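One structure is given here, and the rest of the page talks about it.
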Amino acid sequence: MATDQQHSDSGDNVGNNKNTTHQRGENIFNVKGNYHAPSNSGGDSIPKHLTAHIPSLAPNDVIGREEKLQELTDTLNTSYKAIVVNGLGGIGKSTLAKLYLVTHRDSFAHITWLTFTGKSFTEMILNSALPESLGIVRTGRTPEDLLKLVFSTLRELEGHKLLVIDNADNIEEIEAHRSLLPLGDPYWKVLITSRRTLPNMETVRIDKLSPESATQLFLRHYPEGVNEPQNLQALLEEVDYHTLTVELMAKTLQESWELTLEQMLQKVRNTELTDESLKEQIWTAHQQNYKEKLSEEVKAEVIGMYSHLKACFDLGTLDKNEQWMLKQFAVLPPMVEMDGKVLIEWLTSEAENVPKKKDYKSFMKSLADKGWLITRPEKKAVFQLHPVIKSLVLVELSPSFADCKDLMNGFNKFIHIDTTTQDIVGKFGWVGYGEELTKVFGADNAQGHQPTSFDEMKTIAALYFNLGWVYKQQGNYQDALIRHKIAFDFTQAWKLKQSDNNEANTKAFDILVANYQGHVGLAYSYLGNYEKAKELLEKTFESDLKNFDEDHPEIGGTLGNLGIVYKNLGQLEKAKDLLEKALTIALKNFEESHPAITICQSNLATVYQDLGAYEKAKDLLEKALEDDIKNFEESHPNTAIRQYFLASTYLNLEMNTEAQVLFQKAYETFYNLLGENHPKTKATKSWLNKYFS
15 MATDQQHSDS GDNVGNNKNT THQRGENIFN VKGNYHAPSN SGGDSIPKHL TAHIPSLAPN
75 DVIGREEKLQ ELTDTLNTSY KAIVVNGLGG IGKSTLAKLY LVTHRDSFAH ITWLTFTGKS
135 FTEMILNSAL PESLGIVRTG RTPEDLLKLV FSTLRELEGH KLLVIDNADN IEEIEAHRSL
195 LPLGDPYWKV LITSRRTLPN METVRIDKLS PESATQLFLR HYPEGVNEPQ NLQALLEEVD
255 YHTLTVELMA KTLQESWELT LEQMLQKVRN TELTDESLKE QIWTAHQQNY KEKLSEEVKA
315 EVIGMYSHLK ACFDLGTLDK NEQWMLKQFA VLPPMVEMDG KVLIEWLTSE AENVPKKKDY
375 KSFMKSLADK GWLITRPEKK AVFQLHPVIK SLVLVELSPS FADCKDLMNG FNKFIHIDTT
435 TQDIVGKFGW VGYGEELTKV FGADNAQGHQ PTSFDEMKTI AALYFNLGWV YKQQGNYQDA
495 LIRHKIAFDF TQAWKLKQSD NNEANTKAFD ILVANYQGHV GLAYSYLGNY EKAKELLEKT
555 FESDLKNFDE DHPEIGGTLG NLGIVYKNLG QLEKAKDLLE KALTIALKNF EESHPAITIC
615 QSNLATVYQD LGAYEKAKDL LEKALEDDIK NFEESHPNTA IRQYFLASTY LNLEMNTEAQ
675 VLFQKAYETF YNLLGENHPK TKATKSWLNK YFS
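Remember, the working numbering sits 14 above the position in the sequence shown when you count from 1.
So, in structure tokens, the structure goes:
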């Protein structure tokens, strides 16, 4: 007689839970209409358990699934369709199915539990004990005939029946044999567990544990964790309360003589999953599934925490396109709601990639369909990558710059801020994405990787540079300085290491270095270190003179920044000369109302004001404000800056009413867009309080 294949899904959140929704033997059936059960046709010889392996567990030992059990029970009671318990690998799908079975075991005359191990539907049935349990003789029958006979016999059984197909990730096989399943029969309940959703079947989605339940599960396996509540909660949050991972971490700590909870937290944060200290011999119920699906060579390696996770999430089942797309998600923050349309926009920012949009969309949909990306029906274009899968991808697939070059270039364009940017505040929410990219590819990346080409170095440096600009707009000047300094130092360091590389000795490279140096100087000026700013900007100006004509916009930009530094150092006449020249250059290169010109006008006006030339300052600022309103809108941060400076000029001209109106408008814009703690918001409020309170 053939023996059944056994499976226990990852995430068997077994603990100590005293509140079970249903008690064994409770009548859970709600038969619709006047359907009558088939008459007994000698079914006494047919056993209750039709397969050799019917799993069991103690309901009171399952943690945190009371509400989900009730939902599953209610759904099975009210639908004639098959019910699919769907969720991420290792989350506890099989545990919920087992919990339902043992809770309601006495309500069924016959129970069938089958485990799909990636082979065909036919093999799953014929390798089980079903034919023998049903009294079917195999001899002389083809597999196809035998399969049909098994299901026709099942349909004729008397009483209420339960069919469970566990681990049914091969939905193509399930769909191909849908007609055999006893669907639509009120005396049958069909329950399927799968990482994938199946069409025309009801879905019960099982998600992560609650923080409280995850804590309870962890402490069941590692009681000493109660002594470090802060580290424990941080660790659970780091893995997003993933059931199997919580169990594995706790069991590893319990088995280890040296590893501390704090050390475990750091290793998880640093993606050090293959560290020797995590290779303790541990057991989980999910190992039964490994025995069925893995080769002997791989099974021998399933001993430590990482190997368990690697076996649970087998990246080898994905094709190269799916793996490539998974790498894109893995270098971004975990569990963020990533709009697929935005990601495709980044990946296709270069013209030659535009035709690939449909392919990229299909890669994402395939990963979501197979359970690798999390998605929701109400947000079908939004995807999430679980932190556990992210860590596995980073270790196993090791995304390279070549893999993610298009993503990084697209992101750099997306987050870039310049004088013409309309939605400055809209960039703020994407900073975390850039910071995550620096963890993988940046100056201090965990892999210790160094750029090997000018293109790679330039892209990574640009990432830091763009992040610095966003921090500057946020009023976070210290972080802006740090990012701009990294961009400058990173570029310089690459040149030293690539001194023999022709690309390191080009005019383009010198321009890049000078640009980053100038912005480091500008960042110092925001922090009030004007002498340091002056030193760096003067060096930048010297470099610009070598690389550009005297009327080039880069020359004008550096002169403008240097002029403001001289102003803050009290060298007003020198500042005036530089700023007037900067404005002249801007007028030669841009249209009269271009934002670059309004900035030059505004900067020059502040020097005129300090020199007491209030009317000249007023004329420039009124023109600049008028143009900014045309270029942006009245509630734009750039417009508010012009309003702020013009208001202070009006005060000096004793135009107090006009000054108050503009200060109030500027304050409202800064407050609404940048927040009450932004330096510009505070400065404007200070003027209002001083003169108009």
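Ideal placement from N, C-alpha and C gives every residue a C-beta, glycine not left out. Given the structure is predicted, the values throughout are model-derived calculations rather than measurements.
Query raised in the report: Rounded to whole angstroms, how far is the Cβ of L128 from the Cβ of D180, which I believe are closer than 8 Å?
Result: Taking the sequence shown and counting its residues from 1, the one referred to as residue 128 is at position 114. Taking the sequence shown and counting its residues from 1, the one referred to as residue 180 is at position 166. That pair is a contact at about 7 Å.
Query raised in the report: Anyone know if the C-beta pair for T89 and V218 falls short of 8 Å?
Result: In the sequence shown, residue 89 corresponds to position 75, counting from 1. In the sequence shown, residue 218 corresponds to position 204, counting from 1. It is a contact, given that the beta carbons lie within the stated cut-off.
Requested in this report: Go through its chain and collect everything with a Cβ distance to G103's Cβ below 7 Å, but skip five positions before and after it.
Outcome: Working through the sequence shown from its first residue, we reach residue 103 at position 89. So the list reads S24, R209, C326, F327 and G385, once near-sequence residues are dropped.
Query raised in the report: Can you list, in chain order, the stretches of the beta strand (DSSP E) that have 3 or more residues and sit fully within the stretch 192–239?
Result: 202–208 and 216–219
**Report entry** Cβ neighbour criterion (16 or more within 10 Å) applied to N44
**Finding:** For the purposes of this step, residue 44 is taken as residue 30 along the sequence shown, with counting starting at 1. With a pLDDT of only 44 at N44, under the threshold of 50, the placement of this residue in the model should not be trusted; the figure read from the coordinates follows. By the neighbour-count rule (16 or more Cβ atoms within 10 Å), N44 is not buried but exposed.
**Report entry** Ranges of the beta strand (DSSP E) found wholly within the stretch 363–408, counting only runs of at least 3
**Finding:** 388–390 and 393–398
Query raised in the report: Given that a residue counts as buried once 16 or more other Cβ atoms are within 10 Å of its Cβ, and exposed if not, what is L541?
Result: Indexing the sequence shown from 1 puts residue 541 at position 527. Exposed is the call here.
Query raised in the report: Which residue comes first and which comes last in the beta strand (DSSP E) that contains L128?
Result: For this step, residue 128 is matched to residue 114 along the sequence shown. Here the beta strand (DSSP E) through L128 covers H124 to T129.
Query raised in the report: Contact check, K553 vs Q585 under 8 Å by CB: the rounded distance?
Result: Walking along the sequence shown from the start, residue 553 turns up at place 539. Walking along the sequence shown from the start, residue 585 turns up at place 571. Actually they are not in contact, since the Cβ atoms of K553 and Q585 sit about 18 Å apart, beyond 8 Å.
Query raised in the report: Taking three-plus beta-carbon pairs below 8 Å as touching, is the stretch 649–657 in contact with the stretch 684–694?
Result: yes
Query raised in the report: Does the separation of the CB atoms of L64 and H118 fall below 8 Å?
Result: In the sequence shown, counting from the first residue as 1, residue 64 sits at position 50. In the sequence shown, counting from the first residue as 1, residue 118 sits at position 104. No, they are not a contact pair.
Query raised in the report: What are the complete alpha helix (DSSP H) segments, minimum 4 residues, inside the stretch 310–359?
Result: 310–313, 319–326 and 334–344
Query raised in the report: What separation, rounded to the nearest whole angstrom, lies between the Cα atoms of I105 and T257?
Result: Counting from one through the sequence shown, the residue named residue 105 turns up at place 91. Counting from one through the sequence shown, the residue named residue 257 turns up at place 243. Answer to the nearest angstrom: the Cα atoms are 5 Å apart.
Report task. Mind reading off the beta-carbon distance from Q487 to I431? Whole number of angstroms is fine, and I expect it under 8 Å. Result -> Within the sequence shown, residue 487 is the residue found at index 473, counting from 1. Within the sequence shown, residue 431 is the residue found at index 417, counting from 1. Rounded, the Cβ-Cβ distance is 6 Å, consistent with contact.
**Report entry** CA nearest to the CA of A619, picked from L634, F562 and T612
**Finding:** Counted from its first residue, the sequence shown places residue 619 at position 605. If we check each option's Cα against that of A619, L634 comes out closest.
Query raised in the report: In chain order, which beta strand (DSSP E) runs of at least 3 residues are fully inside the stretch 53–117?
Result: 97–100
Query raised in the report: Leaving out five residues before and five after I438 in sequence, what residues of the same chain have Cβ atoms less than 7 Å from its Cβ?
Result: Indexing the sequence shown from 1 puts residue 438 at position 424. These residues qualify, in order along the chain: I431, Q487 and P651.
Query raised in the report: How about I97 and L115: are their beta carbons less than 8 Å apart?
Result: One-based indexing of the sequence shown puts residue 97 at position 83. One-based indexing of the sequence shown puts residue 115 at position 101. Taking 8 Å as the Cβ cut-off, I97 and L115 do not qualify as a contacting pair.
Query raised in the report: Where Y685 and C418 are concerned, what is the direct C-alpha to C-alpha distance, given to the nearest angstrom?
Result: Along the sequence shown, read from residue 1 onward, the residue named residue 685 stands at position 671. Along the sequence shown, read from residue 1 onward, the residue named residue 418 stands at position 404. Going by the C-alpha atoms only, they are around 37 Å apart.
Report task. Given a cut-off of 8 Å, decide if Y478 and F504 are closer than it, judged by their beta-carbon atoms. Result -> Position 490 of the sequence shown, counted from the first residue, corresponds to residue 504. Position 464 of the sequence shown, counted from the first residue, corresponds to residue 478. Closer than 8 Å, so yes.
Query raised in the report: What residue from K632, Q436 and G574 has the CA that sits closest to I613's CA?
Result: As a working mapping, residue 613 is identified with position 599 in the sequence shown. Selected option, being the one with the closest Cα: G574.
Report task. Measure the CB-CB distance between T663 and K632 and report whether it falls below 8 Å. Result -> Sequence index remark: in the sequence shown, residue 663 carries index 649 (1-based). Sequence index remark: in the sequence shown, residue 632 carries index 618 (1-based). Result yes, Cβ atoms of T663 and K632 sit closer than 8 Å.
Report task. Pick helix, strand or coil for K133, following the three-state DSSP scheme. Result -> Locating residue 133 in the sequence shown gives position 119, where the first residue counts as 1. If DSSP states are grouped into helix, strand and coil, K133 belongs with coil.
Requested in this report: Grab the span of the beta strand (DSSP E) containing D180 for me, first residue to last.
Outcome: If you number the sequence shown from 1, residue 180 lands on position 166. Taken as a continuous stretch (DSSP letters only), the beta strand (DSSP E) holding D180 covers K175 to D180.
Query raised in the report: Near K341, which residues of its chain fall below 6 Å by C-beta distance, leaving aside the five closest residues on each side in sequence?
Result: Start at 1 with the first residue of the sequence shown, and residue 341 comes out as number 327. The answer, listed in chain order, is L411, P413 and D417.
Query raised in the report: Thinking C-alpha only, which one of M669, L687 and S616 is nearest E648?
Result: Stepping through the sequence shown from its first residue, residue 648 is reached at position 634. Residue L687 is the option with its Cα nearest to E648.
Requested in this report: Let me know the secondary structure DSSP gives I139 once reduced to three states.
Outcome: Walking along the sequence shown from the start, residue 139 turns up at place 125. If DSSP states are grouped into helix, strand and coil, I139 belongs with the helices.
**Report entry** Simplified DSSP state of Y681, which is helix, strand or coil
**Finding:** To locate residue 681, count along the sequence shown from 1; it is residue 667. Note: Y681 maps to helix in three-state DSSP.
**Report entry** Same chain only: Cβ atoms within 6 Å of T683, ignoring 5 sequence neighbours per side
**Finding:** As a first step, residue 683 must be located in the sequence shown, where it is residue number 669. The answer, listed in chain order, is S649 and A654.
Query - Neighbourhood of F562 by C-beta distance below 6 Å, restricted to the same chain and skipping five residues each side - result: By 1-based counting over the sequence shown, the position of residue 562 is 548. The answer, listed in chain order, is E568 and I569.
Query raised in the report: Between L676, F442, Q512 and F415, which lies nearest to I474 when the distance is taken from Cα to Cα?
Result: Along the sequence shown, read from residue 1 onward, the residue named residue 474 stands at position 460. For I474, the nearest C-alpha among the options comes from F415.
Query raised in the report: Can you check whether the CB of L160 is closer than 8 Å to the CB of I188?
Result: Along the sequence shown, one-based indexing puts residue 188 at 174. Along the sequence shown, one-based indexing puts residue 160 at 146. Going by C-beta atoms, I188 is not nearer than 8 Å to L160.
**Report entry** Delimiting residues of the alpha helix (DSSP H) encompassing E439
**Finding:** Stepping through the sequence shown from its first residue, residue 439 is reached at position 425. It should be noted that the sequence gives Val, not Glu, for residue 439. V439 -> no alpha helix (DSSP H), and no H or E assigned at all.
Query raised in the report: What's the gap between the Cα of G7 and the Cα of L526?
Result: One cannot answer for residue 7 here, as it falls past the ends of the chain, which runs 15 to 707.
Query raised in the report: In the structure shown, what three-state DSSP assignment does V253 receive?
Result: For the purposes of this step, residue 253 is taken as residue 239 along the sequence shown, with counting starting at 1. Here V253 sits in coil by DSSP.
Requested in this report: Taking the CB atoms as reference points, tell me whether W360 and G446 lie closer together than 8 Å.
Outcome: For the purposes of this step, residue 360 is taken as the residue at position 346 of the sequence shown. For the purposes of this step, residue 446 is taken as the residue at position 432 of the sequence shown. No.
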